[in-house]
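Protein chains: 2
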Amino acid sequence: MLTIQQLSQELGIGVDTLRVWERRFGFPTPERDARGHRRYAPAQIDHLRVIKKLQNLGHRPKKLFALSSAERLALLNQQADLQQHNSGHQDLQYLVNTVAAAQLEHELRTRLQKRGTEAFVLAVAVPLIEVMDRGWLSGTLSIAREHLLSDCLTAILKELLVPREAAPKIVFLTLSGERHKLGLLLSAVLFHSWGLDCHLVLEELPVAEVTTMVEFFAADAVALSFSVQTAPRQAKRDLATLRKTLPNHVHIIAGGSALRDGLHLPGISVCTDLRQIRPLCAREFPNLNQEKKAE
Amino acid sequence: MLTIQQLSQELGIGVDTLRVWERRFGFPTPERDARGHRRYAPAQIDHLRVIKKLQNLGHRPKKLFALSSAERLALLNQQADLQQHNSGHQDLQYLVNTVAAAQLEHELRTRLQKRGTEAFVLAVAVPLIEVMDRGWLSGTLSIAREHLLSDCLTAILKELLVPREAAPKIVFLTLSGERHKLGLLLSAVLFHSWGLDCHLVLEELPVAEVTTMVEFFAADAVALSFSVQTAPRQAKRDLATLRKTLPNHVHIIAGGSALRDGLHLPGISVCTDLRQIRPLCAREFPNLNQEKKAE
DNA sequence: AGCATGATTTCGTCCTAGACAAACAAGTAA
DNA sequence: TTACTTGTTTGTCTAGGACGAAATCATGCT
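Sequence order for the protein chains is A and B.
Note that the numbering used here has the first sequence beginning at 1, numbered continuously upward.
Note that the numbering used here has the second sequence beginning at 1001, numbered continuously upward.
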């Protein structure tokens, strides 16, 4: 039985919004404690999680609240083509749900060793994150395990980001409110593997501080990640102000599923799929190809 | 000119609280935009920062709002004995304010090498954090630099935490809303240097998830950190529920300046000074002394 | 059809003003 | 000292209203 505050924090939905939804759509329907304060039952939390996810996927609240909970679930399954992955990746399922802490790091390192950086990112890390995401959605995955997994993955991948001399420098960071930093990490690793000098700042920065950060690193480019969690319109707005703020010679690279719809902003490279990083590197930093070939 | 939402996030004070302060104490006094919405001037933000700090230091709002802004500043300087450090640590001031990113890590590593783990933590890291804190308070330190510094320090110290076999295992973590994780890191390093097997989880967990985490690691103890940023009463409440939730054989170690007042909870070891860690280790884990001496 | 332009709906955030329990301070009795 | 009572302080919740920005729909034009 959560209070409205706790629920708000849990879902990343404002307190006011939760109350307004109740007023307008008649959902959620919390019980009341002795004081008349709202108390939310666990079952409703799951429904709201689904709604939030669908909303970030581009559906509008009115439509979502008109649907039954079963219909919403069906929509989600259909939309996010989650079932595509339901069959495979039993090994990853196992890794996510049951492997103990001590073994976890070893398991991941082994895979990294065996497959190499790029394949590890694309064929292990990405599906791993998807499995985690689904676990979070269904409430199967405890927050503890989730944090542990991302911590472990972060530690392993961060080691790969050794500085490179005489290569274009990119700063990777996320804006305030963006809690999903794994996508950013993965892209940084890939960029690095293509010969760039990548610096990762795993902290949530206000838009205004991005400039400071870029100057500080004397970076040639800045990369931002916007997960489903971020509202697309906000991402767009932030990127626009950022482009105005930053000097023109600084590249801006934006990624993440919040930008999946055709977003075409001048002077900003958008990249919603990790596989696009390779061509993007070739396009933006052409003189790197030779180095890479030489290795 | 910030909106109430932005101000709330910046200060870590609830939106409702800000409005109620205005209603009751006549401060802050935001201007209003065309819609009648509050807009806060930068000068007021600084005042509120001071108030928040003093509040967390144990003063009550009513008293603080009765004071003039000059009196509040005086109180803060006196209370936190900040001027004690104003004279020394010019080298650290320099490190915090002007050293470039690339050099920073090198500088810190050199100091660590020269002084050894324990001295580094007590004589470099601690004052460094204090200097940063003061910079934040006065608005001198940009968020970008602050994050960079803590990132760098974290990276260096985390490496020291190699797992130890056959030693009591402690999980270090912070509860939701606690943004200051450096204190926790430092204490983990010290515990580790006294022979314990320390595992650091640099994520903010809900109280309910702590149990999961402890079980998951099969830990013998859990260490929590509560910075000035956390309200002492909340810390106390959380610790109490935690003690009820966790099995009795799991030690609870709590630290951080939020617990500075004599807090005496049964079954919980409180430790508000990093220098107390050594005696605490000796008390709680007596069979470790021999190993340590043997080294 | 394809596209600009204006009208309408939808949605999140902010507003006021009042209520109340939990935490705290101070005073009183054992 | 310690323990209980009483009054004050403080943060968070409530209700229902308002409004701008964005999204969607409708219309007219090429």
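Virtual Cβ for every residue (Gly too), placed ideally from N, Cα, C.
All values reported here derive from a predicted model rather than from experimental measurement.
Quiz item: Leaving out five residues before and five after L1160 (chain B) in sequence, what residues of the same chain have Cβ atoms less than 7 Å from its Cβ?
Solution: Here residue 1160 (chain B) refers to the residue found at position 160 of the second sequence. Around L1160 (chain B), the same chain offers T1117, V1189, H1192 as residues with beta carbons nearer than 7 Å, after the five sequence neighbours per side are excluded.
Quiz prompt | Three-state secondary structure assigned by DSSP to L76 (chain A) | solution = In the first sequence, counting from the first residue as 1, residue 76 (chain A) sits at position 76. In the structure shown, L76 (chain A) sits in a helix (DSSP, three-state: H, G or I).
Exercise. State the DSSP-derived secondary structure class of S193 (chain A), mapped to helix, strand or coil.
Key: As a first step, residue 193 (chain A) must be located in the first sequence, where it is residue number 193. For S193 (chain A), the three-state secondary structure derived from DSSP is helix.
Quiz prompt | Integer Cβ distance of F285 (chain A) from P127 (chain A), believed to fall under 8 Å | solution = Within the first sequence, numbered from 1, the residue matching residue 285 (chain A) stands at position 285. Within the first sequence, numbered from 1, the residue matching residue 127 (chain A) stands at position 127. The beta-carbon distance between F285 (chain A) and P127 (chain A), rounded to whole angstroms, is 28 Å. This is too long to meet the 8 Å contact definition.
Quiz prompt | Bounding residues of the beta strand (DSSP E) (the contiguous stretch that carries H251 (chain A)) | solution = Walking along the first sequence from the start, residue 251 (chain A) turns up at place 251. 251-255 is the extent of the beta strand (DSSP E) around H251 (chain A).
Quiz prompt | Residue-level contact to chain B via CB, V189 (chain A), 9 Å cutoff | solution = The residue given as residue 189 (chain A) occupies position 189 in the first sequence. No, V189 (chain A) lies away from the interface with chain B (no Cβ there is under 9 Å from its Cβ).
Quiz item: Can you tell which of B:Y1094, B:K1052, B:Q1090 has the C-alpha that lies nearest to the C-alpha of L1075 (chain B)?
Solution: By 1-based counting over the second sequence, the position of residue 1075 (chain B) is 75. Per the Cα distances, B:K1052.
Practice problem: Pick helix, strand or coil for A1123 (chain B), following the three-state DSSP scheme. | Solution: Within the second sequence, numbered from 1, the residue matching residue 1123 (chain B) stands at position 123. Reduced to three states, the DSSP call for A1123 (chain B) is helix.
Practice problem: Ignore the nearest five residues each way along the sequence and tell me which others in R11 (chain A)'s own chain have a CB closer than 6 Å to its CB. | Solution: By one-based count along the first sequence, residue 11 (chain A) stands at place 11. Per the sequence presented here, residue 11 (chain A) reads as Leu, with Arg not at that position. Cβ contact annotation for L11 (chain A) (same chain, cutoff 6 Å, sequence separation greater than five): L48, K52, in chain order.
Quiz prompt | Residues that H1089 (chain B) contacts on chain A, provided the C-beta gap is smaller than 7 Å | solution = Taking the second sequence and counting its residues from 1, the one referred to as residue 1089 (chain B) is at position 89. In chain order: nothing, as chain A lies at least about 22 Å away.
Quiz item: Looking at C-beta atoms only, is the number of pairs between the stretch 206-215 of chain A and the stretch 169-186 of chain A that lie closer than 8 Å three or more?
Solution: With the cut-off at 8 Å, the stretch 206-215 of chain A and the stretch 169-186 of chain A touch.
Practice problem: Entirely within the stretch 204-233 of chain A and at least 4 residues each: give me those alpha helix (DSSP H) ranges in chain order. | Solution: Correct list: 207-217.
Exercise. Could you tell me whether the Cβ of A43 (chain A) comes closer than 9 Å to any Cβ of chain B?
Key: Here residue 43 (chain A) refers to the residue found at position 43 when the first sequence is read from its first residue. Judged by the 9 Å Cβ criterion, A43 (chain A) is not in contact with chain B.
Quiz item: Once you ignore the five residues that flank S69 (chain A) on each side, which residues in its own chain have a CB closer than 8 Å to its CB?
Solution: Taking the first residue of the first sequence as 1, we reach residue 69 (chain A) at position 69. Same-chain partners within the cutoff: H47, V50.
Quiz item: Hey, quick one: how far does the beta strand (DSSP E) through W1169 (chain B) stretch, first residue to last?
Solution: Locating residue 1169 (chain B) in the second sequence gives position 169, where the first residue counts as 1. For clarity, residue 1169 (chain B) is Lys in the given sequence; the question names Trp instead. Per DSSP, the unbroken beta strand (DSSP E) holding K1169 (chain B) starts and ends at 1169-1175.
Quiz prompt | Best match in A:L280, A:Q234, A:P163, A:T17 for proximity to I253 (chain A) [C-alpha to C-alpha] | solution = For the purposes of this step, residue 253 (chain A) is taken as the residue at position 253 of the first sequence. With distances taken between Cα atoms, I253 (chain A) lies closest to A:L280.
Exercise. Decide if Y981 (chain B) is buried, meaning its Cβ has at least 16 other Cβ atoms within 10 Å, or exposed.
Key: Nothing in the structure corresponds to residue 981 (chain B), since chain B is present only between 1001 and 1295.
Practice problem: Check whether the stretch 266-277 of chain A touches the stretch 1013-1021 of chain B, counting contact only when three or more Cβ pairs, one atom from each stretch, lie closer than 8 Å. | Solution: Using a C-beta cut-off of 8 Å, the stretch 266-277 of chain A makes no contact with the stretch 1013-1021 of chain B, since fewer than three inter-stretch Cβ pairs fall below that distance.
Quiz prompt | Residue burial classification, M1 (chain A) (beta-carbon count within 10 angstroms, cutoff 16) | solution = Translated into the one-based positions of the first sequence, residue 1 (chain A) becomes position 1. So M1 (chain A) ends up on the exposed side.
Self-check item: Beta-carbon spacing of A155 (chain A), F1216 (chain B) below 9 Å
Solution: As a first step, residue 155 (chain A) must be located in the first sequence, where it is residue number 155. As a first step, residue 1216 (chain B) must be located in the second sequence, where it is residue number 216. Cβ atoms of A155 (chain A) and F1216 (chain B): not closer than 9 Å.
Quiz item: Could you check where the alpha helix (DSSP H) with I1051 (chain B) kicks off and where it finishes?
Solution: Translated into positions along the second sequence, residue 1051 (chain B) becomes position 51. Here the alpha helix (DSSP H) through I1051 (chain B) covers 1042-1056.
Quiz item: Whose Cβ in chain A lies nearer than 7 Å to the Cβ of H1180 (chain B)?
Solution: Counting from one through the second sequence, the residue named residue 1180 (chain B) turns up at place 180. The contacting residues do not exist; H1180 (chain B) stays about 13 Å from chain A at best.
Quiz prompt | Closer than 7 Å at the beta carbon, the chain A residues around E1159 (chain B) | solution = Within the second sequence, residue 1159 (chain B) is the residue found at index 159, counting from 1. Here the premise fails: no neighbours, minimum Cβ distance about 10 Å.
Practice problem: Determine which residues share a DSSP beta bridge with S1269 (chain B) and list them. | Solution: Sequence index remark: in the second sequence, residue 1269 (chain B) carries index 269 (1-based). B:I1253, per the DSSP bridge assignment.
Quiz item: Can you tell me whether H1199 (chain B) is buried or exposed, with buried defined as 16 or more other CB within 10 angstroms of its CB?
Solution: Taking the first residue of the second sequence as 1, we reach residue 1199 (chain B) at position 199. The residue in question, H1199 (chain B), is buried, as its Cβ has 16 or more Cβ neighbours within 10 Å.
Exercise. Let me know if P1030 (chain B) comes out buried or exposed under the rule of 16 or more other beta-carbons within 10 Å of its beta-carbon.
Key: Residue 1030 (chain B) sits at position 30 when you count from the first residue of the second sequence. By the 10 Å Cβ count, P1030 (chain B) comes out buried.
Quiz item: So, helix, strand or coil for L148 (chain A), using DSSP?
Solution: One-based indexing of the first sequence puts residue 148 (chain A) at position 148. Here L148 (chain A) sits in helix by DSSP.
Quiz prompt | Neighbourhood of R1111 (chain B) by C-beta distance below 8 Å, restricted to the same chain and skipping five residues each side | solution = Your numbering for residue 1111 (chain B) matches position 111 in the second sequence. The residues are F1120, V1124.
Practice problem: Determine, using beta carbons only, whether R1019 (chain B) comes closer than 9 Å to chain A. | Solution: On the second sequence, position 19 is the one that residue 1019 (chain B) refers to. No, no contact with chain A.
Quiz item: By Cβ distance, which residues of its chain are closer than 8 Å to I4 (chain A), with the 5 residues on each side in sequence left out?
Solution: Here residue 4 (chain A) is taken as the residue at index 4 of the first sequence, counted from 1. Its chain contains V15, L18, R19, P30, H37, R38, Y40 as the residues whose beta carbon lies nearer than 8 Å to that of I4 (chain A), once the 5 sequence neighbours on both sides are disregarded; these appear in chain order.
Practice problem: Grab the span of the alpha helix (DSSP H) containing S8 (chain A) for me, first residue to last. | Solution: By one-based count along the first sequence, residue 8 (chain A) stands at place 8. Note, S8 (chain A): alpha helix (DSSP H), 4-11.
Self-check item: N-terminal and C-terminal residue of the alpha helix (DSSP H) that H106 (chain A) is part of
Solution: Position 106 of the first sequence, counting from 1, holds the residue named residue 106 (chain A). It spans 101-115 - the alpha helix (DSSP H) in which H106 (chain A) sits, taken as one unbroken run.
Quiz item: If you run the structure through DSSP and keep just helix, strand and coil, what is V201 (chain A)?
Solution: Taking the first sequence and counting its residues from 1, the one referred to as residue 201 (chain A) is at position 201. DSSP places V201 (chain A) in strand when its eight states are reduced to three.
Quiz item: Which word fits D238 (chain A), buried or exposed, when buried means at least 16 other C-beta atoms lie within 10 angstroms of its C-beta?
Solution: Walking along the first sequence from the start, residue 238 (chain A) turns up at place 238. Counting other Cβ atoms within 10 Å of its Cβ, D238 (chain A) reaches 16 or more and is therefore classed as buried.
Quiz item: What separation, rounded to the nearest whole angstrom, lies between the Cα atoms of A1282 (chain B) and C152 (chain A)?
Solution: For the purposes of this step, residue 1282 (chain B) is taken as the residue at position 282 of the second sequence. For the purposes of this step, residue 152 (chain A) is taken as the residue at position 152 of the first sequence. C-alpha separation (whole angstroms): 31 Å.
Exercise. Answer yes or no: do A1221 (chain B) and I1170 (chain B) have a C-beta to C-beta separation smaller than 9 Å?
Key: Here residue 1221 (chain B) refers to the residue found at position 221 when the second sequence is read from its first residue. Here residue 1170 (chain B) refers to the residue found at position 170 when the second sequence is read from its first residue. One thing to note: A1221 (chain B) has its Cβ within 9 Å of the Cβ of I1170 (chain B).
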